[in-house]
Every structure is written in structure tokens, then in C-alpha cells.
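I have placed the structure first, in the form of C-alpha cells, so that the comments after it can refer back to it.
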């Protein structure tokens, strides 16, 4: 409020101060013009100072904000600078153009041809007036020279004939007004006027100084007047007044030229003031445009900087951990959308942070449980008898327990598990790793020599699947379990032999007694047979001998049955066929080999219309696994490694076929006959039991198996199994 009052006082003082200026020849011509110019100039100065003060205040405030580094000040400075730069160029061009136009216009208004035209018009008007005055003066002088005028002013003339004779004379002259005035009076003693042109009292003004000839003239009441003296001898006795009217068109043109001449003269005198006035208006417009540009730029910058400041404050709050902070500013433009997106981002960030904290809490608990389990497992591994070794795909040792170090004292000095084996044992160990890679689990018994004694080891290799980037699931780590079964086997063998000896002794003892008794009886009967004298005694002895032989035969048969019972103890579990989908059995069996057959293409061609088979699913899975594993081993060292498993209807309606073909070297004709015999193998490390087991399982199901040559290379194993019914598997649901 105090600032506003001070500003008003200063502006009022400036307004009164400008009245004291001495403009010389350019000062106003009248008080009205002075008042108008004073008011307009006051308004102009007031506007310029007000807008200039506001502009200076705004720029100063912006400069202080930038020096203090307030948020948004740089953006405001750039916008204001850009607005001033964009505004100054057109404003400067406008000022220069307006200044030139103003100067040219004023110069054109007050140029030499215009002045000459106005002066010539004035001269023509004055010349016309001079001509009319000269004619009027001539008429007045002529009337004054007539004797009748002197007689009309004289006292001796009869009053009756004066008017008629004068009127006749006036009509000859053709003047509109004629009057006779005594020399010492201003009231005419006689006058003639045109009633159409002159009405009311006639007023004229004659110059105070008369010319030498005594005739004077003037213009008044739109008429040209002339006065000529009337003499009676040498004595002036009066005057003749003659008036001629100025034509209406000439009078109007003279008035128009006179008014324009006055106006031109006024503007000519106020030329400098007009220029100053327009220059002040240009200054006011310039300052106003700059003020509007700065104000608009500040307004726009505020619309941008306010949300940005809110965003900066929100960012600082979020960086401090206040994730529940939200921006209250809003808008319909892109910045408003940015604020909405920022609030949504903080909301999502808060939710995800909470979820992450919960996950971290759960993860901490899970890690604690995992650590507890790890310690528990380590405690178990360190206290169990079997040795446990974790190895890579190449056999490199990752971790082992103390039991493994007891079995292999050199375990800490080697880097690869394969370095602990030599010769055939090394090949067997590699075979176990490859087999575990294919089917997940492989086990084999080893007999190794340690410190001059034979050690029996049961080595079990388990594959640990790892999800690789190509999602192949190919194992990259293995767990090798080493179990020293030397003492166990010795104890088992001892116990088994003791049990076998006890069982055999017990079972054999029973039939041996009748056999021994029968043999002794037969010996006595033979002695008595030789001593018998009659045929009847011989027949009796012979029958008794035959009964003894029957007893021996029965006991021997009992011993044979005993041997068969021992043989049956080594048989596989009996098959339990059921109605099953062979395609599903094959798919589940092939799932074992996913990612385990290195560089081997394993494909399945399953007939969707295959009828249901009458098989034991678990035993047929073993058939598929053994056939595929046998084919994979046959592909070692081959350039093309491909295994195809197919299902199709059998050669007769009551059977289905399972075909496993490979691209290996194939089987010779000689080996085909012995391929399914026990303990026969074409591989040096083979046991000869895999295909024998397959053949026995197929036979127990009432099916058949055969081997054929594949085209162009390899072998095809064809298994035929009975069907459950003629309906397809897909229609059994």
C-alpha cells in the first residue's frame, strides 16, 4: 500500500513538472490544447512508467530467483528470454516502421506543395475580394459624384423628389444596398435595400484612417461594403454607402479555405507536439508489448514450472522413502498426464516395494530354512557311511564329504573324479556318466584294488537337471554316491551261503534218508535174490526191489523240484497286464531322455488312432527305456545320430507294434540269432542282460520281438503286443 501511494505521488509530481517545460515555438496555441496535451501526456507517462516498473520488477525478481537457484528459475529465464527475443524483433521493426511512417506523414502534410496550394487558395480568395471591393468602391464613388447625392444631403432640396430620383439612379447602378449618411452621423438619411438579401439593421465597419481619395471598403455580413465622400463644393457633407452581396458558392468556398487554412496553421504550429505524442504512444505500445510478452512467458512458465517443482518435491520425497507421497497438481495437457503417470508410478512402486519387502521377508525365512536344511544335510553327509561327491558334466569334483575321502584318500589331490579310476574302471565310470545323462540314474558295482586288497564299490550316478537358456534341461551336474560294500558283500555272501547250506542240508537231508534206506534194502534184496531157490521168492524180491527203486525215483524227483524252486527265486516279478494307452506309455518313457542324449535326435511318431493294448505299463516302460538306451549306445562314434520311436497297428488286427529304429552300424546276421540270449552282448562292457530282459517281458505279455535292418543304415527293433479291444485309445474315455 505504501509503495502504491509513493508511486502515485511520484507520477503526480512528474505530471505537474512537465507543465513547467518551455517548448519555445512549439508550446500549445490555446489553453484547451494545453489541457488535452497535458492529460494525454500524463496518461502516456503514467502507462510507460507503470508498465516499465512492472517489467523491471518482474525481471529483477526473476534474476534474484535464478541467483538463488530456485526450482524452475532457469526454465522461467529461458522462457522470458525467448519471449523477449521473439517480441523485441517485431517491436523494433514496428517502432522503426511507425517512426518512418509518422515522419513521412507529417512531412507530407506540411510539405512545400501543400503549403503553396493553401497560400495560392488564400491569395485567390483575397484577389477576388479585392476585385469585388474595387467594383463596389467604383460604384460608391460614381454615386457620390452625382449632383443628386449632394442635393439629397442638402437642405434646399425638395424632400418629395429625392427618393424617386435616387431610386432610379440606384437601379441603374444595380447595387443591393445604397445609403446616404450625413458627415456627422452614422444614421442614414436615405437608403435603398433588397428585401430578399438584406433584412434587419445593416451594420458595417469602416477603417478609421481613410485613403487619400476618401473611398473606403470592407466586408461584413457576407457583403462587400464601400463608402465614398459627398462634397458640396469643397466641403464634405456626407457619404454614400454601397453594398454588394458575395455569391453563396464563393462565400462557402472562402469559408472552407479559411477553416482549412486555420487548421493547417494550427497543425503546423503543433507539429513537434504531434510527433512527441505519437512517439510516446509508440513507447507505451512497446513497453506494453514487452510487458505482455514477459507476463505471458511467466504465466506459461508457471504452468510448466509449478508441476515440475511438484515433481521435484515428489522425487525428493520418494528418494527419502516416502512412497505414499502423491502430487496434488493436475492438468489436461501432457504435463497433467505426466503427473498422473508419476502418481501411478509411485503407487505401483509402493505396492511393489511392499510386495518386495514381503518377498524379502519370505525369502529371508526361506533362506533361513534352506540354511538350516543345508546344515542338516551337511551334518547327514558328514556322518553317513557312503561317500558323496558332486561332479560336473566333465567329471570335475565340486564337493565331497569325509566318507568319500576315506574311500579315496587321494580325493583331495585330484580335480576330476575320473582320475581315481584306471583301465576298464575308467571306461565304466564314463559309461555311468553318459547313461545317467540319458536316463537320469545309473549304478554299477566296481572291484578296485586299494593297498593290496580288493575293495567292492557300488557307484550310483544321479543327474541333477538344470534349466538351461534353451530349455533343454540337459544335466550339467551329477551326484556320485560311493558305497564300500566289501564287508557287506562278505557278510551277505557268508549269510547267503550259510542259509543256502542250511536250506540245502535240510531239504536234501529228507530225501537222502529214504534213498539210503532203499539202497540198503536193494542190496539185501540182491543178496537174497541170489540165494532164492523158487520162482515165487524171486518174484517177491523183484517187486520189493522195484518198490525201492520207486522210492529212490520219487526222492530224486523231490530233489529236482527243490532245484527248480531255487531257480525260481531269481525270476522277475510277474507281469500284470491291463488295458493301457501304448502312446502314453511311450511318451512317459521318452520323457526320461529329455536333454540327456547329447547330439542325438530323438523323435516320436505315434499313431493317434492306435487301439488300447493289453500290457503292464511299468514293464513296457522298461522295454522302451532299454531299447532306446541300447540304440543310443549303438550310435556312439556315428556321424548321423537319430532315433525314431513309432507306434502302429500290428500285422494282424489283434496286435499293435512298437518300433525303435536307429541310424547306427546295425547288427550282423550272425549276431541277430544270439542277440536276445542272456549274457550275449556286442559291446565290450555290456552285460548281455538288457535285450534278454526285454525279450522275457515281451514273451510274458504274449507278444514277440524281432530285429531288422534299417534303411539306409542301422537297426529296427519291432515289438508286437496284444490289443485289449478293437476300439481306439482316443475313444475309450
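In the numbering used here, the protein residues as written are 1150 to 1882. Ideal placement from N, C-alpha and C gives every residue a C-beta, glycine not left out.
Beta-carbon contacts of residue i that lie in its chain and below 6 Å, excluding the five residues immediately before and after
i            : result
residue 1868 : 1807, 1847 and 1854
residue 1377 : 1289, 1290, 1293, 1364 and 1389
residue 1328 : 1337, 1340 and 1390
residue 1531 : 1550 and 1551
residue 1333 : none
residue 1708 : 1660
residue 1285 : 1366, 1373, 1375, 1391 and 1393
residue 1679 : none
residue 1547 : 1539
residue 1611 : 1590 and 1628
residue 1885 : For residue 1885 there is no data in the structure shown, the boundaries of the chain being 1150 and 1882.
residue 1799 : 1805, 1806 and 1869
Buried or exposed by the 16-neighbour rule on C-beta atoms within 10 Å, applied to residue i
i            : result
residue 1526 : exposed
residue 1691 : exposed
residue 1374 : buried
residue 1768 : buried
residue 1456 : buried
residue 1864 : buried
residue 1361 : Note that residue 1361 scores a pLDDT of 41, beneath 50, so its modelled location is shaky; the value from the coordinates is reported in the next line. Its Cβ having fewer than 16 others within 10 Å, residue 1361 is exposed.
residue 1372 : buried
residue 1778 : buried
residue 1698 : exposed
residue 1301 : buried
residue 1885 : No information on residue 1885 is available, as it lies outside the stretch 1150 to 1882 that the chain covers here.
residue 1205 : exposed
residue 1759 : buried
residue 1504 : exposed
residue 1850 : buried
residue 1585 : buried
residue 1464 : exposed
residue 1811 : buried
residue 1637 : exposed
Boundaries (first-last residue) of the alpha helix (DSSP H) holding residue i
i            : result
residue 1767 : 1766-1783
residue 1844 : 1839-1849
residue 1737 : 1731-1739
residue 1556 : 1551-1556
residue 1576 : 1573-1588
residue 1820 : 1818-1823
Beta-carbon contacts of residue i that lie in its chain and below 7 Å, excluding the five residues immediately before and after
i            : result
residue 1728 : 1761, 1763 and 1873
residue 1098 : One cannot answer for residue 1098 here, as it falls past the ends of the chain, which runs 1150 to 1882.
residue 1501 : none
residue 1472 : 1495, 1498, 1499 and 1502
residue 1770 : 1734, 1737 and 1738
residue 1844 : 1825 and 1854
residue 1804 : 1869, 1870, 1871 and 1872
residue 1174 : Residue confidence is low: residue 1174 scores 41 on pLDDT, short of 50, so the model does not pin down where it sits. No coordinate-derived value is stated.
residue 1742 : 1587, 1588, 1751 and 1777
residue 1492 : 1475 and 1476
residue 1557 : 1569
Segment limits, beta strand (DSSP E) that includes residue i
i            : result
residue 1858 : 1853-1858
residue 1758 : No beta strand (DSSP E) contains residue 1758, which DSSP labels as neither H nor E.
residue 1791 : 1791-1798
residue 1301 : Careful: residue 1301 lies outside any beta strand (DSSP E), inside the alpha helix (DSSP H) at 1296-1302.
residue 1377 : 1372-1381
residue 1811 : 1804-1811
residue 1631 : 1626-1633
residue 1330 : 1326-1331
residue 1388 : 1384-1394
residue 1541 : 1536-1541
Cβ-Cβ separation, residue j to residue i (assumed contact under 8 Å), whole Å
i            : j            : result
residue 1735 : residue 1774 : Between residue 1774 and residue 1735 the Cβ distance is about 10 Å, and since that is not below 8 Å, they are no contact.
residue 1749 : residue 1783 : Contact flag wrong, Cβ pair sits at about 11 Å.
residue 1540 : residue 1566 : 5 Å
residue 1591 : residue 1575 : Contact flag wrong, Cβ pair sits at about 15 Å.
residue 1604 : residue 1635 : 5 Å
residue 1663 : residue 1700 : 5 Å
Proximal residues to residue i (C-beta, below 8 Å), its chain only, five neighbours per side dropped
i            : result
residue 1613 : 1624, 1625, 1626, 1627 and 1628
residue 1856 : 1816, 1821, 1824, 1864, 1865, 1866 and 1867
residue 1797 : 1756, 1759, 1805, 1806 and 1808
residue 1753 : 1735, 1736, 1739, 1793, 1794 and 1795
Minimum Cβ-Cβ distance from residue i to chain B less than 8 Å
i            : result
residue 1764 : No chain B appears in the structure shown, which is made up of a single protein chain.
Along the chain, which unbroken stretches of the alpha helix (DSSP H) at least 4 residues long are found entirely within the region 1454-1511? none
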